[in-house]
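Asks:
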Amino acid sequence: MKRGPIARIILALLFVALIAVPVIVSRIAAKRKAAAGELNEKAAMARYGFYFTDVSKQAGVHFIHEAPKFDPKLAAIMPEVASMGASVSIVDYNRDGWPDIYVTNSRIGSMNALYRNNHDGTFTDVAPELGIADVNKPGTGVSMGAVWGDYDNDGYPDLYLIKWGKPMLFHNDHGHGFTDVTAKAGLPKWINASTALWFDYDRDGKLDLFVGGYYNENIDLWDLKTTKIMPDSFEYADNGGRKYLFHNLGDGRFQEVSAQVGIKSRRWALASGAADLTGNGYPDLFIANDYGVSELYLNDHGHFHEAGEQTGVGFAPKSGMNVAFGDIFNQGKFSIYVSNISEPGILIQGNNMWVPEDGTSGNALHYENLARDLGVELGGWSFGAQFGDFNNDGNLDLFLANGYISLDRNRSYWYDFAKVAGGNSSIIGDAKNWPAFDGRSLSGYQQKRVWINDGAGKFEDVARAVGVTDTHDGRSVAVADLWNNGALDVVVANQNGPLLIYKNHVDPAEKWIEFSLEGTKSNRDAIGAEVTLYWNGQEQIQEVEGGNGFAAQNDLRLHFGLGKHPKIEKAVIHWPSGTVQTLDNLTPDKLYHVKEPE
Amino acid sequence: MSNPAVAIPAQQRVKPPSLKSWLTLNNRYVPPVFITLILLAGQLSYGILESYERTLLAIGTAIVIELVLGRIFLGKWLNVASAYITGISVGILLRSPAFWPYAACAAIAIMSKYVLRFRGRHLFNPSNFGISVVLFLLPATVAMLSIQWGNNMWSLITIWILGAIIIWRVNRFNITLTYVVSFLVLAVIRAHIIHEPVLSEISPLTGPEYQLFIFFMITDPKTTVRSKKGQCLVAFLVALLEMFFRLDQSVYAELYALFWIGPIALLIEMWLDARRAKLAGTPTSAIATSPGIAQPS
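Each protein sequence line maps, in turn, to chains E and S.
Counting from 1, position 341 in the first sequence corresponds to residue 341 in my numbering; the numbering is continuous, with no gaps.
Each number in my numbering corresponds to the 1-based position in the second sequence with 598 added.
1. Kindly give me the distance between the Cβ atoms of E:Gly375 and E:Phe459, rounded to whole angstroms, as I take these residues to be in contact under 8 angstroms.
2. Quickly, what does DSSP pair E:Gly388 with across the bridge? List them, please.
3. DSSP state of S:Ile885, grouped into three classes?
4. Where S:Leu621 and E:Gly429 are concerned, what is the direct C-alpha to C-alpha distance, given to the nearest angstrom?
5. Note down, in chain order, each residue of its chain lying with its Cβ closer than 6 angstroms to the Cβ of E:Ile64, except the 5 sequence neighbours on either side.
6. Tell me which same chain residues have a C-beta within less than 7 angstroms of the C-beta of E:Asn363, skipping the five on either side of it?
7. Compute the minimum distance between the beta carbon of S:Ala656 and the heavy atoms of the ligand ZN, and state whether it is under 7 angstroms.
8. Is it buried or exposed, S:Leu870, if we count other Cβ atoms within 10 angstroms and call 16 or more buried?
9. Return the bridge partner residues of E:Asp430 from the DSSP annotation.
10. What do you get for E:His593, buried or exposed, if any count of 16 or more other CB atoms within 10 angstroms of its CB means buried?
11. Of all the CB atoms in chain E, is at least one closer than 8 angstroms to the CB of S:Tyr627?
12. Starting from the C-beta of E:Lys228, find all residues in its chain whose C-beta is less than 7 angstroms away, skip the five residues before and the five after it, and write them out in chain order.
13. Please name the residue in E:Phe70, E:Ser56, E:Gly109, E:Ala17 whose C-alpha comes closest to that of S:Ile706.
14. Which residue's Cα is closest to the Cα of E:Asn554: E:Tyr337, E:Asn484, E:Ala480?
15. Under the assumption that E:Ser412 contacts E:Leu442 (Cβ atoms under 8 angstroms), give the Cβ distance between them as a whole number of angstroms.
16. Which complete beta strand (DSSP E) runs does the stretch 312-379 of chain E hold, if anything under 3 residues is left out?
17. In terms of alpha-carbon separation, which member of E:Trp512, E:Tyr93, E:Val88, E:Asn118 lies closest to E:Thr104?
18. Just list the residues that DSSP pairs E:Asn192 with in beta bridges.
19. Considering only residues of the same chain and omitting the five flanking positions on each side of E:Leu224, which have a CB-CB separation below 6 angstroms?
20. For E:Glu377, which residues in chain S fall below 7 angstroms Cβ to Cβ?
21. How about the stretch 180-190 of chain E and the stretch 19-32 of chain E: do they share at least three Cβ pairs that are nearer than 8 angstroms?
22. What does E:Arg372 reach in chain S if we use C-beta pairs closer than 7 angstroms?
23. I need the straight-line Cα distance from E:Ser342 to E:Asp290, nearest angstrom please.
24. Any chance the stretch 542-549 of chain E sits against the stretch 317-329 of chain E, with 3 or more Cβ pairs inside 8 angstroms?
25. Looking at the strands, I want to know which residues DSSP matches up with E:Leu209.
26. What would DSSP say about E:Phe437, mapped onto helix, strand or coil?
27. Would DSSP call S:Gly828 helix, strand or coil?
28. Return the bridge partner residues of E:Thr532 from the DSSP annotation.
29. State the Cα-Cα distance for the pair E:Trp268 and E:His119, rounded to the nearest angstrom.
30. Cβ closer than 8 angstroms: which chain E residues qualify as neighbours of S:Glu794?
31. Mapping DSSP to helix, strand and coil, what is S:Asn772?
32. What does a CB cutoff of less than 7 angstroms around E:Gly165 pick up in its chain, not counting 5 residues either side in sequence?
33. With 16 as the cutoff for other CB atoms within 10 Å, does E:Phe286 come out buried or exposed?
34. E:Asp327 and E:Leu396 - do their beta-carbons sit closer together than 8 angstroms?
35. Got a sec: is the Cβ-Cβ distance from S:Thr786 to anything in chain E below 8 angstroms?
36. Do you know offhand how far S:Trp675's Cα is from S:Ile708's?
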């Protein structure tokens with residue numbers, strides 16, 4: 001070394017500072033976050049304009065999810081392979097104008113539940129009497145989710161039951177019961193699916209059904225012929241279940257057309273969502289895959305081509321577990337939120353907020369991930385998420401469920417998980433090579449996130465402050481105005497845990513407007529219809545969806561927060577049929593029922 | 599990781615590089631080319647990187663800091679092959695959605711060569727030091743590549759064969775071989791101790807970070823001892839300490855093992871050198887500053 005001691009001392013100080021400063025900054029940030037604790041309801045209302053209360057018990061909902069138990073060959077890693085199945089979907093099955101709640105259970109012999117809204121803040125499970133409770137029978141697999149769509153346009157939403165097992169389609173008999181029409185529909189005998197959605201991909205006015213396989217459809221998890229059932233890679237796996245697109249033939253039958261229309265994938269699908277992202281009037285299909293990249297199938301007049309890499313969303317492989325669309329900047333464009341895994345010191349995938357890049361549209365559409373800049377990157381082992389304006393301030397907020405497996409708080413499976421997950425396909429792909437769980441947790445006891453959008457490009461997590469304090473293993477999240485009072489409530493299905501109903505209390509000074517759409521030329525549920533609301537010089541687009549999030553479905557009614565003293569200019573509805581309808585003279589704090597012009 | 603092929607004799611250093619030296623494997627640019635090929639193959643086939651920008655940031659930071667510190671403290675513009683390997687290693691191995699950890703880790707790695715020195719010799723493998731420090735101190739921000747690379751047997755075999763040939767040509771294969779054999783034997787012992795499948799204990803060795811570890815990090819001539827026997831002993835001790843870290847469920851056991859064993863081995867070698875020099879009446883500085891090992895590279 002040629003320089004003298006002073007230069008060396010300066011270098012040493014710089015070296016120490018380079019190491020110390022990020023550590024100090026991150027510790028301070030962590031302390032601040034820890035200090036931002038729970039608030040009482042009055043303080044939360046004053047600071048954030050809303051708060052949640054878990055009213056599930058008062059509402060008469062005592063549902064506890066039970067996980068499946070598979071072939072004893074998987075006993076060592078049963079907590080991992082049986083880590084999904086808790087789901088929630090919102091449906092007004094009896095068309096009484098009040099949202100009801102359907103939840104799935106996953107132990108053989110366990111019952112699903114349909115909680116009818118009694119209009120007084122209580123709910124009653126009517127699934128047994130309507131014939132959609134006892135659906136997890138031996139030999140038929142178990143429920144993983146449910147999506148509702150009026151496939152025969154009779155005005156009543158029908159039920160597709162997502163299963164690891166025999167898929168089931170139930171026709172809604174005008175709210176008085178359900179008929180199993182699976183055989184007539186022509187569905188396959190067995191699919192190990194974790195996601196499905198209703199959408200009218202060819203705009204023929206009839207709802208079609210997408211189903212995304214997770215495990216290979218030849219695997220019966222209760223009767224394994226081999227233990228080589230696991231993903232052949234943690235991030236490049238392509239040995240999962242196939243994808244299905246069931247084209248609605250209009251007579252109660254469906255034709256599987258995925259290959260014909262260009263959907264071919266054996267990635268491990270966990271979540272899906274459909275929206276017209278390119279603006280050509282046809283719904284595009286976004287699939288979040290576990291153990292790999294996301295896929296974005298752009299819809300060109302009923303034919304799809306996979307454009308994940310082209311659009312930027314399908315390059316870095318992660319563990320996709322959610323798809324939610326939201327116009328977070330009030331620009332009339334959908335961003336896409338995909339949840340992944342983040343565990344300090346081991347795996348920092350970060351969740352993705354795919355935001356359309358300025359100047360890109362149509363088939364040249366390109367996304368950039370702004371999750372970190374916006375502050376919605378790190379949740380934990382994240383699952384379901386939904387956008388919704390929880391404080392009615394006019395900006396879409398974000399609710400995220402986290403937590404994978406909560407067993408022994410003091411012992412973690414992460415070391416063993418990382419050890420095998422990084423190995424060769426012949427090792428990771430065989431369940432017998434995986435170390436035993438032995439009662440350990442894996443990213444367990446994690447907080448949910450309630451990120452409120454300040455409208456200026458930042459989201460702040462206020463979950464604990466606004467009353468979302470549970471640490472159950474969150475899976476599926478759905479939002480709906482359950483009390484018909486202009487506040488978006490949140491329902492969370494937890495794996496091996498209770499169904500939680502978070503009732504929302506919002507500052508009444510913050511206004512809102514809701515739309516309930518009914519298609520005529522379009523499918524009757526108006527799934528795929530887009531409403532763009534213009535008020536106070538800004539616009540926000542929302543879409544009626546036939547399934548999204550993680551194994552979830554929101555209320556088909558669309559809810560817009562408006563903030564204080566809103567001046568609404570108009571609402572423009574793009575119906576799936578192509579009809580464009582403009583609504584004027586709208587006033588806040590009202591639910592509008594809109595029928596598609598004939 | 600520093601350049602494993604840079605133990606170039608003094609007389610060779612003064613000669614201008616001939617065409618032959620560029621075409622043969624025995625020059626300092628082979629490992630950078632090899633690791634670049636690994637990166638490109640991995641990225642183009644599997645998209646292994648967090649992003650090109652982050653990797654380029656790490657490489658750029660490492661090179662700039664190397665040049666600046668070399669100019670300030672050594673009075674010359676250093677060859678950047680070693681800094682390039684350090685940067686590219688950080689860019690491949692580190693996983694963070696943020697950009698700054700890539701620059702910070704590369705900077706810490708290069709600066710460690712100039713700060714953490716003893717008798718004119720840097721003690722830590724630069725990238726091992728940088729990555730170990732940020733992993734240990736910033737767990738909420740960074741993680742290490744442990745799951746990427748396709749998990750494909752053919753890509754694994756290709757990298758192993760190419761890596762083995764190169765490491766053999768630069769006379770470091772004994773280190774890699776000793777470590778791998780030690781790891782395998784100790785993996786069987788670990789599996790027996792904790793009653794887990796043997797393949798689950800062997801599994802890490804088939805992952806991508808181990809390929810970088812055994813070919814580029816543990817073989818770094820600047821931070822390994824000189825004698826063949828000593829190198830084998832150190833490689834075994836790294837595997838042995840790693841076993842204890844693994845029994846304690848440390849995810850980055852191999853990094854931390856090298857972090858401790860590497861400098862201790864060097865200090866012992868320096869102490870032995872000094873003792874021998876004293877007995878022979880040779881000044882200690884004559885050994886410590888001999889070309890090829892005394893200067894940061």
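All residues carry an ideal CB built from backbone N, CA and C; glycine is no exception.
Replies: Considering the structure as presented:
1. 5 angstroms
2. E:Asp397
3. Residue placement at S:Ile885 is flagged as unreliable, the pLDDT there being 49, under the threshold of 50; a coordinate-derived value is accordingly withheld.
4. Reliability fails at S:Leu621, whose pLDDT of 48 lies under 50, so the model's placement of it is uncertain and the value that follows must be treated cautiously. Whole-angstrom Cα-Cα distance: 42 angstroms.
5. Pro498
6. Thr278, Leu298
7. No copy of the ligand ZN appears in this structure; indeed no ligand is present at all.
8. exposed
9. None, per the DSSP bridge assignment.
10. exposed
11. no
12. Gly429, Asp430
13. E:Ala17
14. E:Ala480
15. 7 angstroms
16. 324-326, 335-338, 352-356, 367-369
17. E:Val88
18. E:Trp164, E:Tyr215
19. Asp71, Lys73
20. Pro695
21. no
22. Pro695, Ala696
23. 14 angstroms
24. yes
25. E:Trp198, E:Phe246
26. coil
27. helix
28. E:Ile541, E:Val572
29. 40 angstroms
30. Asp416, Pro435, Ala436
31. helix
32. Thr140, Gly141, Val142, Trp190
33. buried
34. yes
35. Inspection of the sequence shows that residue 786 of chain S is occupied by Val rather than by Thr. No - not a single Cβ of chain E is within 8 angstroms of the one on S:Val786.
36. 15 angstroms
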